[in-house]
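> So for the sequence shown, the numbering used here puts the first residue at 2; every next one is plus one. Below: one structure in structure tokens.
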Amino acid sequence: MNHDRLRFDLADLAEEVTPVDLRDRALRTSRRLGIQRAVATSAAALVMVAAATGAALAIRPNGQAPLPQPAGPSTTVTAPPVEVTPTPDPSASAEPTNSPAKPASVLDGTRYYLESTSTRARIHAVRGSSDQVVHQLPYSTYGCEWNTITVSPDGKWVAWVQDSTDGNTSGVLMASRTGKPGATRLLDEVNCLGPRPLVWKGGDLLMVGKKTRESVLFDLAANKRVNGDPGQETDRCWSADGRWLAAVDDQRKPYVTDGTQSRHYSYTPPQDEAAHWGGWQARSVSMDGRYVSVGWVGTDPSRHDDSFALVDTTTSKVVDLPGRGEIRSIMFTVDNKVVVKRATGISVLDSSFKPLGTVTETASVRNMWLLAYVP
Numbered sequence: 002m003n004h005d006r007l008r009f010d011l012a013d014l015a016e017e018v019t020p021v022d023l024r025d026r027a028l029r030t031s032r033r034l035g036i037q038r039a040v041a042t043s044a045a046a047l048v049m050v051a052a053a054t055g056a057a058l059a060i061r062p063n064g065q066a067p068l069p070q071p072a073g074p075s076t077t078v079t080a081p082p083v084e085v086t087p088t089p090d091p092s093a094s095a096e097p098t099n100s101p102a103k104p105a106s107v108l109d110g111t112r113y114y115l116e117s118t119s120t121r122a123r124i125h126a127v128r129g130s131s132d133q134v135v136h137q138l139p140y141s142t143y144g145c146e147w148n149t150i151t152v153s154p155d156g157k158w159v160a161w162v163q164d165s166t167d168g169n170t171s172g173v174l175m176a177s178r179t180g181k182p183g184a185t186r187l188l189d190e191v192n193c194l195g196p197r198p199l200v201w202k203g204g205d206l207l208m209v210g211k212k213t214r215e216s217v218l219f220d221l222a223a224n225k226r227v228n229g230d231p232g233q234e235t236d237r238c239w240s241a242d243g244r245w246l247a248a249v250d251d252q253r254k255p256y257v258t259d260g261t262q263s264r265h266y267s268y269t270p271p272q273d274e275a276a277h278w279g280g281w282q283a284r285s286v287s288m289d290g291r292y293v294s295v296g297w298v299g300t301d302p303s304r305h306d307d308s309f310a311l312v313d314t315t316t317s318k319v320v321d322l323p324g325r326g327e328i329r330s331i332m333f334t335v336d337n338k339v340v341v342k343r344a345t346g347i348s349v350l351d352s353s354f355k356p357l358g359t360v361t362e363t364a365s366v367r368n369m370w371l372l373a374y375v376p
């Protein structure tokens with residue numbers, strides 16, 4: 002063998018071989034293993050957190066796997082304790098869908114007031130915060146219209162006497178539906194003097210006095226006189242439903258009756274006040290006939306709708322009413338309330354005279370006469 006030829010061939014092969022740097026290879030291998038360990042450790046930590054919280058890894062919208070994060074130092078992740086907050090019950094924690102209703106007024110019906118000026122009378126219908134003039138009537142000062150205009154206990158009628166031709170002592174009885182235009186002529190030569198010349202018996206019947214001193218019970222709805230005049234009683238006053246009558250008999254003794262039973266009662270007004278008046282009379286009667294409110298009769302023949310005391314007809318004793326302020330009128334209503342109009346407002350009592358509440362009157366109606374209350 003040619004040794005020289007063999008040596009040259011081996012030298013050529015050595016020149017074709019690329020030298021390998023074992024240190025560099027070792028570093029690359031170590032770095033790859035470190036990356037694999039970091040990825041494995043991070044994946045394990047995510048699995049632990051997901052298992053503890055029940056959360057799933059978010060998937061990217063395009064369906065790709067989550068982007069890998071740069072590997073950091075190999076660390077041990079301890080998942081924090083998870084505190085579970087109970088889901089609140091909507092039915093228990095939600096606010097009520099309906100707020101509490103505003104308490105109804107103790108007088109949620111309609112109050113009818115009379116306003117008088119020097120030339121005109123106006124009937125006000127007050128309900129809640131609403132104040133509406135439902136009837137107005139021109140008149141001369143101290144004429145028949147001013148002394149007689151009145152509202153029925155059910156609020157359906159307005160009645161009055163007008164067209165006086167004898168010095169404002171009598172005239173024509175007129176009536177109109179409340180809030181409606183026009184009026185109906187009912188009866189001629191009707192007296193318009195006295196503290197209460199027109200007196201209601203329920204909703205449609207009206208007691209009037211003729212110029213001849215004859216008493217007439219008139220049906221406004223039927224436009225005719227009614228038979229069955231109570232007789233020669235004077236100072237008549239009926240309960241709101243027309244059942245009980247308070248009057249004075251021919252012996253000048255006050256009494257109450259419902260047609261089947263009757264009883265007399267007595268009342269002695271305060272002596273220091275009585276000297277200034279021409280007497281007293283019943284102004285309102287309770288639905289059971291037991292109580293009457295009383296008011297003064299003026300020394301002149303003019304209208305008086307006020308009352309100042311309450312009398313128990315079974316004992317003839319005065320009832321002490323709760324509340325403060327000067328009493329201007331006491332009215333028994335068809336729904337068994339007692340409406341006490343005072344200088345300071347209205348006190349409302351039940352049938353046993355226990356307070357139910359108060360009603361504040363506006364300045365515009367505070368000094369008007371309260372003619373009727375309709376529930």
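All residues carry an ideal CB built from backbone N, CA and C; glycine is no exception. Keep in mind the model is a prediction, meaning the values are calculated, not measured.
1. Kindly indicate the opening and closing residues of the alpha helix (DSSP H) around Cys-238.
2. Assuming contact is defined by CB atoms lying nearer than 7 Å, are Gly-279 and Thr-300 in contact in what I supplied?
3. Run through DSSP, which three-state label would Ala-248 get?
4. Starting from Asp-220, follow its DSSP beta bridges and name the residues at the other end.
5. Kindly identify the DSSP beta-bridge partner or partners of Asn-192.
6. Pull up the distance between the alpha-carbon of Val-152 and that of Asp-273, whole angstroms please.
7. Any heavy atom of the ligand MN closer than 6 Å to the CB of Pro-196?
8. Report the partner residues of Ala-276 according to the DSSP bridge assignment.
9. Note the first and the last residue of the continuous alpha helix (DSSP H) segment covering Thr-111.
10. Can you pull the DSSP bridge partners for His-305?
11. On the three-state DSSP scale, how would you describe Gly-316?
12. How is the alpha helix (DSSP H) around Thr-149 delimited, first residue to last?
13. Is it buried or exposed for Tyr-113, if we count other Cβ within 10 angstroms and need 16 for buried?
14. I need the DSSP call for Val-360, collapsed to helix, strand or coil.
15. In whole angstroms, give me the CA-to-CA distance for Ser-308 and Lys-181.
16. Select from Val-335, Gln-262, Asn-169, Met-175 the residue whose C-alpha is nearest the C-alpha of Gly-243.
17. Within the continuous beta strand (DSSP E) that includes Gly-346, where are the two ends?
18. Are there 16 or more other CB atoms within 10 angstroms of the CB of Glu-146, so buried, or fewer, so exposed?
19. Less than 7 Å between the C-beta atoms of Pro-154 and Ala-373, yes or no?
20. Is Leu-199 near Val-360, with beta carbons less than 7 Å apart?
21. Can you tell which of Thr-261, Tyr-266, Ala-241 has its C-alpha closest to the C-alpha of Asp-250?
22. Nearest CA to the CA of Arg-329: which residue from Pro-356, Asp-351, Leu-371?
23. Kindly list the residues whose CB is nearer than 7 Å to the CB of Asn-1, restricted to its own chain and excluding five residues on each side of it in sequence; keep chain order.
24. DSSP three-state call for Leu-187: helix, strand or coil?
25. Which one of Asp-132, Asn-192, Gly-168 has the shortest CA to CA distance from Lys-211?
26. Comparing alpha-carbon positions, which option in Val-312, Lys-202, Asp-289, Cys-238 lies nearest Leu-221?
27. Any idea if Asp-351 is buried or exposed, counting beta-carbon neighbours within 10 angstroms, 16 or more meaning buried?
28. On the criterion of 16 or more Cβ atoms from any shown chain inside 10 Å, does Gly-304 qualify as buried, or is it exposed?
29. Check Val-257 in the structure and name its three-state DSSP category.
30. Would you identify the three-state DSSP class for Gly-296, choosing helix, strand or coil?
The structure says:
1. Under the DSSP assignment, Cys-238 falls outside any alpha helix (DSSP H), being part of the beta strand (DSSP E) whose first and last residues are 235 to 239.
2. Here Gly-279 is near Thr-300, since their CB atoms are less than 7 Å apart.
3. Shown here, Ala-248 sits in a strand according to DSSP, grouped into three states.
4. Answer is Leu-206, Lys-225.
5. Paired residues: Ser-171.
6. Their backbone Cα atoms lie some 33 Å apart in a straight line.
7. The model depicted lacks the ligand MN and carries no ligand whatsoever.
8. Secondary-structure assignment with DSSP links Ala-276 through no beta bridge to anything.
9. Where Thr-111 is concerned, there is no enclosing alpha helix (DSSP H), although the beta strand (DSSP E) it sits in stretches over 111 to 117.
10. Secondary-structure assignment with DSSP links His-305 through no beta bridge to anything.
11. This sequence places Thr at residue 316; Gly is not what is there. DSSP places Thr-316 in coil when its eight states are reduced to three.
12. Thr-149 -> alpha helix (DSSP H) spans 145 to 149.
13. Around the Cβ of Tyr-113, a 10 Å sphere holds 16 or more other Cβ atoms; the residue is buried.
14. Strand.
15. Each residue's Cα considered, the two are about 30 Å apart.
16. When only C-alpha atoms are compared, the closest one is Val-335.
17. Going by DSSP, Gly-346 is part of the beta strand (DSSP E) stretching over 346 to 350.
18. Counting other Cβ atoms within 10 Å of its Cβ, Glu-146 reaches 16 or more and is therefore classed as buried.
19. In contact: Pro-154 and Ala-373 (Cβ atoms closer than 7 Å).
20. No, Cβ-Cβ distance for Leu-199 and Val-360 is not below 7 Å.
21. Cα-wise, what sits closest to Asp-250 is Tyr-266.
22. Residue Leu-371 is the option with its Cα nearest to Arg-329.
23. What the structure shows of the chain is the stretch from 2 to 376, and residue 1 is not part of that stretch, so it cannot be assessed.
24. Strand at Leu-187.
25. Among Asp-132, Asn-192, Gly-168, the Cα nearest to that of Lys-211 is on Asn-192.
26. Cα-wise, what sits closest to Leu-221 is Lys-202.
27. It counts as exposed.
28. First, the residue type needs correcting, since residue 304 is Arg and not Gly in the sequence shown. Result: buried.
29. Note: Val-257 maps to strand in three-state DSSP.
30. DSSP places Gly-296 within a strand segment (E or B) once states are collapsed to three.
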